[in-house]
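S.K.:
In my numbering, the protein residues as written are 765 to 1114.
This is how it looks when you write it as structure tokens:
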């Protein structure tokens, strides 16, 4: 697999999106989010999606430059319509708007609908945490194509339905829970397919509901399982509630229309810590809490205990120093795309 600097990947992604008619400021936001996903080790949400997003632009499923519309709002709430714009752009703007409301009122809750894929959820609560806020974000695809079978079922009825919580602290890395409520994010299945790898047992079943390690079985009518293995009713319950917040409360609804465009509905709740207790006291205690948890002696097969988000923090340090690996098939697609849209010369060689 070739290795690239984050700066080069950002330059390539932004140039491609601008060539596809995306305003420069939006192209920069999308590129930043995608490269960040690669940096922290979530390659399934990074540059692998560049060709897919361009295809969605061509089909009219992503509308670069779409208006950001606030349908209704109060001092603590807002309903946002992204008009099918880039989800990265819409949700980042909504996040900053929610922070402003929380600073005034202590709390803010937003629903966001009719936008494209928002990528890795972790970026948005991180923005909030940097402003002294605790944030909870959920996402769901509404009536878009489904990926996950409910516990006890074999046919797809749910999205991967991620949930993310970001918390301010004085730790070097961001305290961040960012997880799909399924056994795995759908993008990791595609990543394994592009790399010619098998997937672990417990991730997916084939179209008949049988466990499988072949990522191609997923595309052939299989399904991802809820997180939790034989205790998957817990992951299923979380997924069910994420869909309520992100699909039903937003007004997207639910369903299994395989032809529907990808539509990340989101629910965002933001809490200003300083309205509950002094921020610096909380950050220090949060730091001490994480350090206390890490003092647990490692179990057999483990080297240490990590706080949520610590592995991503360490991965980013390593990849900023050593570069980002992109699988050959993904880079082939991106290279062809740069040639196709006429930016290969401007982007140059890595």
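Each residue gets a CB set at the ideal place from its N, CA and C atoms; glycine is no exception.
Under DSSP, the beta strand (DSSP E) around residue 780 begins and ends at which residues?
M.R.: Here residue 780 belongs to no beta strand (DSSP E); instead the alpha helix (DSSP H) covers 770–783.
S.K.: Anyone know if the C-beta pair for residue 944 and residue 926 falls short of 8 Å?
M.R.: Contact: yes.
S.K.: Quick one, which of 996, 1035, 1078 and 883 has its alpha-carbon nearest residue 951's?
M.R.: Nearest of 996, 1035, 1078 and 883 to residue 951, Cα basis: 883.
S.K.: Roughly how many angstroms separate the alpha carbons of residue 789 and residue 853, rounded to a whole number?
M.R.: Distance between the alpha carbons of residue 789 and residue 853 is about 9 Å.
S.K.: Which residues does DSSP pair with residue 836 in a beta bridge?
M.R.: Its beta-bridge partners are 843.
S.K.: Any chance the region 989–1002 sits against the region 865–883, with 3 or more Cβ pairs inside 8 Å?
M.R.: No, they do not touch.
S.K.: Just mark residue 1075 as buried or exposed, buried being the case when its beta carbon has 16 or more other beta carbons within 10 Å.
M.R.: Residue 1075 should be labelled exposed.
S.K.: Should the region 1048–1059 be called in touch with the region 912–925, which here means at least 3 C-beta pairs below 8 Å?
M.R.: The region 1048–1059 is not in contact with the region 912–925.
S.K.: Provide the residue(s) that pair with residue 1030 in DSSP beta bridges, ordered along the chain.
M.R.: Its beta-bridge partners are 876 and 903.
S.K.: Output the distance between the C-alpha atoms of residue 1095 and residue 772, rounded to the nearest integer angstrom.
M.R.: C-alpha separation (whole angstroms): 13 Å.
S.K.: Give me the residue from 768, 1063, 1035 and 1031 with the minimum Cα distance to residue 902.
M.R.: Ranking 768, 1063, 1035 and 1031 by Cα distance to residue 902 puts 1031 first.
S.K.: Out of curiosity, what's the CA-to-CA distance linking residue 987 and residue 798?
M.R.: Looking at the two C-alpha atoms, the distance is approximately 25 Å.
S.K.: Quick one: Cα of residue 1019 to Cα of residue 1041, how far?
M.R.: Rounded to the nearest angstrom, the two C-alpha atoms are 42 Å apart.
S.K.: State the Cα-Cα distance for the pair residue 914 and residue 990, rounded to the nearest angstrom.
M.R.: Each residue's alpha carbon lies about 7 Å from the other.
S.K.: Of the residues 956, 835 and 886, which one's Cα is nearest the Cα of residue 1090?
M.R.: Comparing Cα-Cα distances from residue 1090 to each of 956, 835 and 886, the minimum goes to 956.
S.K.: What would DSSP say about residue 1095, mapped onto helix, strand or coil?
M.R.: Three-state DSSP puts residue 1095 in a helix.
S.K.: Rounded to the nearest angstrom, what separates residue 892 and residue 929 at their Cα positions?
M.R.: Near 10 Å, if we compare the C-alpha coordinates of residue 929 and residue 892.
S.K.: Name, in chain order, the residues that DSSP records as bridge partners for residue 941.
M.R.: DSSP output for residue 941 lists 929 as bridge partner(s).
S.K.: Could you tell me whether the region 1067–1087 touches the region 798–818, using the rule of 3 or more Cβ pairs below 8 Å?
M.R.: Output reads yes: the region 798–818 touches the region 1067–1087.
S.K.: From this set, 1045, 812, 1073 and 1046, which residue's C-alpha is nearest residue 1058's C-alpha?
M.R.: It is 1073 whose Cα lies nearest to the Cα of residue 1058.
S.K.: Beta carbon of residue 840, beta carbon of residue 865: below 8 Å?
M.R.: A contact, by the Cβ cut-off of 8 Å.
S.K.: Just the Cα atoms here: how many angstroms apart are residue 981 and residue 994?
M.R.: Distance between the alpha carbons of residue 981 and residue 994 is about 21 Å.
S.K.: For a test of the three-state rule: what should DSSP assign to residue 1075, helix, strand or coil?
M.R.: It is helical.
S.K.: Which same chain residues end up closer than 6 Å to residue 821 when comparing Cβ atoms and leaving out the 5 residues on each side of it in sequence?
M.R.: Cβ within range, chain order: 784.
S.K.: State the Cα-Cα distance for the pair residue 1093 and residue 1062, rounded to the nearest angstrom.
M.R.: Residue 1093 and residue 1062: Cα-Cα distance of roughly 38 Å.
S.K.: Tell me the start and end of each unbroken alpha helix (DSSP H) in the region 996–1067 that is at least 4 residues and wholly inside, in chain order.
M.R.: DSSP runs (the alpha helix (DSSP H)) wholly in the region 996–1067: 996–1007 and 1043–1058.
S.K.: Bridge partners of residue 968, per DSSP?
M.R.: Partner(s): 976 and 988.
S.K.: Please say whether residue 888 and residue 838 have beta carbons closer to each other than 8 Å?
M.R.: No, Cβ-Cβ distance for residue 838 and residue 888 is not below 8 Å.
S.K.: Grouping DSSP H, G and I as helix and E and B as strand, with all else coil, what is residue 850?
M.R.: Looking at residue 850 - three-state DSSP - the assignment turns out to be coil, as it is neither helix nor strand.
S.K.: Within its chain, find whatever has a CB closer than 6 Å to the CB of residue 908; leave out the 5 residues flanking it on each side and keep chain order.
M.R.: Taken in chain order, the residues that qualify are 1024, 1026 and 1027.
S.K.: Give the straight-line distance between the Cα atoms of residue 954 and residue 808, rounded to the nearest whole angstrom.
M.R.: When rounded, the distance between both Cα atoms is 8 Å.
S.K.: Please classify residue 935: does DSSP put it in a helix, a strand, or coil?
M.R.: Looking at residue 935 - three-state DSSP - the assignment turns out to be coil, as it is neither helix nor strand.
S.K.: Would you check if the distance between the CB atom of residue 835 and the CB atom of residue 843 is smaller than 8 Å?
M.R.: Yes.
S.K.: Within 10 angstroms of the Cβ of residue 1009, are there 16 or more other Cβ atoms? Answer buried if so, exposed if not.
M.R.: Label assigned to residue 1009: buried.
S.K.: I think residue 1107 touches residue 780, with their Cβ atoms under 8 Å apart; what is that distance to the nearest whole Å?
M.R.: Indeed they touch by this definition, with Cβ atoms about 6 Å apart.
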